[in-house]
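Only one structure is covered here, and it is reproduced in the block below.
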Amino acid sequence: MVDLDSDGRLDILSGSYWPGEIWLFRGKGGGAFEKGGAIDDAGGGKLHAGPPWKDKENPEMDSLAAAPFAYDHDGDGDLDLLVGNIRGRVILIRNEGSREKPAFGKSKTPIEAGGAAIEVPGGDAGPTIADWDSDGKPDLIVGAGDGSVFWYRNKGSKTSPAYEKGVALVKGGGYEGLSEAPLEGSTPQGPGMRTKPCVTDFDGDGDQDLLVGDYMSFRKPAPVLTDAQTKRRDELRKERDAAIDKLQGWGNVKKPEDPEVQAVQKKFGEILQELSPLEDGHQPHGFVWLYRRASKAPPGTEF
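In this text, residue positions in the sequence shown follow this note's numbering: the first is 324, and each later residue adds one.
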């Protein structure tokens, strides 16, 4: 949450997977928010981190899986955007407006570290800013698609950051290295994929800890079904496939806000909810991992 327009009310800033537009839910105060909408860019289109698409069938990878973080990156008094994307890069979108009336989109620059553009393993970069080594200069912390979290130390200044090569705070790759997804009900031993970090003093001991969100998929054992349940499963599969065909057939003919599209999407969700316990397959989960910082540990070896 962030007060993006400096009106004294916290807003919710959110990315999206496809087409990667960046959304704002304006705060109304008292914990209430306005209906969300995609932010307009300076050119009148919808804001995303990549260049214009060639067409709707050929997306720009810098746009997809947008993970935005608002921060005054250049120290000019207004909030800029750092946006992680599916390629694993972090794109700086400078605020060309003001603190009260932000205007984004004219300037989009990949963040570099150690002389090269950041590209975290597994893609799906998730950036945040924190002074990790307590030297008075905000650093860049980025989650990655392979489950790792990297620290990019700022060797520049508050107003002109310059980041060193990344150091892994959380090691990734364990989940992807499994021969098959873990069984539903088992206890994971570490983050899965697409990690998104948050830096905070979780336990109030005066140093900064890491909260790390992730994505995991667990195997569901094949259910034992009655004849009636098997019949219903098959019916639901046909209904599911018909709904998919209908939505795909509409393509760009009907807009997402069309009542007919919304009705089919709602029905599709209901079908999946009823069908899920009747099938084997995979069940998605998201966990939040706490990494408490060990006192007096050198930066990069805290956990």
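The C-beta atom is built at its ideal place from N, Cα and C for all residues, glycine as well.
Would you kindly check if the distance between the Cβ of residue 537 and the Cβ of residue 443 is under 9 angstroms?
No, the pair does not count as a contact, with Cβ atoms beyond the cut-off.
Does the Cβ of residue 409 have 16 or more other Cβ atoms within 10 Å, making it buried, or fewer, making it exposed?
It is buried - the Cβ of residue 409 has at least 16 other Cβ atoms within 10 Å.
Within the segment 555-622, note down every full beta strand (DSSP E) run reaching 3 residues or more, in order along the chain.
Runs of the beta strand (DSSP E) inside the segment 555-622: 604-608 and 611-614.
Within its chain, find whatever has a CB closer than 6 angstroms to the CB of residue 384; leave out the 5 residues flanking it on each side and keep chain order.
Around residue 384: 409 and 410.
Please determine, among 390, 429, 358 and 328, the residue with the shortest C-alpha to C-alpha distance to residue 341.
Ranking 390, 429, 358 and 328 by Cα distance to residue 341 puts 390 first.
Could you tell me the boundaries of the beta strand (DSSP E) in which residue 429 lies?
Residues 427-433.
Determine the DSSP secondary structure at residue 504, reduced to helix, strand or coil.
Residue 504 falls in the coil class under three-state DSSP.
Do residue 473 and residue 508 come within 9 angstroms of each other at the CB atom, strictly closer than that value?
No. Outside cutoff.
Taking only the alpha-carbon atoms, compute the straight-line gap between residue 489 and residue 476 and give it to the nearest angstrom.
Residue 489 and residue 476: Cα-Cα distance of roughly 7 angstroms.
Please report the residue range of the beta strand (DSSP E) in which residue 520 lies.
From DSSP, the beta strand (DSSP E) with residue 520 extends over 516-523.
What residue from 617, 531, 364 and 564 has the CA that sits closest to residue 592's CA?
Nearest option by C-alpha distance: 564.
Which of helix, strand or coil does DSSP assign to residue 553?
Reduced to three states, the DSSP call for residue 553 is helix.
Spatial neighbours of residue 334 within its chain, please: C-beta separation below 8 angstroms, excluding the five flanking residues on both sides.
Excluding residues within five positions, the ones whose Cβ falls inside 8 angstroms are 324, 325, 326, 327, 328, 347, 348, 349, 350 and 356.
Roughly how many whole angstroms lie between the Cα atoms of residue 366 and residue 429?
Cα-Cα distance, rounded: 8 angstroms.
Per DSSP, what are the beta-bridge partners of residue 542 in this structure?
The partner list for residue 542 (beta bridge, DSSP) reads 506 and 605.
Closer than 6 angstroms by C-beta to residue 606: which residues in its own chain qualify, once you throw out the five before and the five after it? Chain order, please.
Contacts found: 507, 541 and 543.
Touching or not, the segment 419-426 and the segment 456-465, by the rule of three or more beta carbon pairs under 8 angstroms?
With a cut-off of 8 angstroms, the segment 456-465 and the segment 419-426 do not count as touching, because too few Cβ pairs lie within range.
Do three or more CB pairs link the segment 392-410 to the segment 445-453 at distances below 8 angstroms?
Verdict: yes, contact present.
Taking CB distances under 9 angstroms as the criterion, tell me whether residue 513 reaches chain D.
This model lacks chain D altogether; it includes just one protein chain.
Residue range of the beta strand (DSSP E) that residue 417 falls in?
Residues 413-418.
Return helix, strand or coil for residue 511, following the three-state DSSP convention.
Reduced to three states, the DSSP call for residue 511 is coil.
In chain order, what residues of the same chain lie with their CB nearer than 8 angstroms to the CB of residue 569, ignoring the 5 residues before and after it?
Once the five neighbours on either side are set aside, the close Cβ partners of residue 569 are 587.
Quick check on residue 553: buried or exposed, where buried means 16 or more other Cβ atoms within 10 Å of its Cβ?
By the neighbour-count rule (16 or more Cβ atoms within 10 Å), residue 553 is not buried but exposed.
Using the Cβ count rule (16 or more neighbours within 10 Å means buried), how would you classify residue 379?
Exposed: under 16 other Cβ atoms inside 10 Å.
Kindly indicate which three-state DSSP category residue 367 falls into: helix, strand or coil?
Residue 367 falls in the coil class under three-state DSSP.
Could you compute how far the alpha carbon of residue 403 sits from the alpha carbon of residue 594?
For residue 403 and residue 594, the distance between alpha carbons rounds to 41 angstroms.
What are the start and end residues of the beta strand (DSSP E) that includes residue 451?
Segment 449-453, the beta strand (DSSP E) holding residue 451.
Under a three-way DSSP split, which group does residue 626 fall into?
The answer is coil: DSSP assigns residue 626 none of H, G, I, E or B.
Quick one: residues in its chain with C-beta nearer than 6 angstroms to the C-beta of residue 549, no 5 flanking neighbours on either side, listed in chain order?
None.
Look at the alpha carbon of residue 514 and the alpha carbon of residue 603, and state the distance between them as a whole number of angstroms.
Cα-Cα distance, rounded: 24 angstroms.
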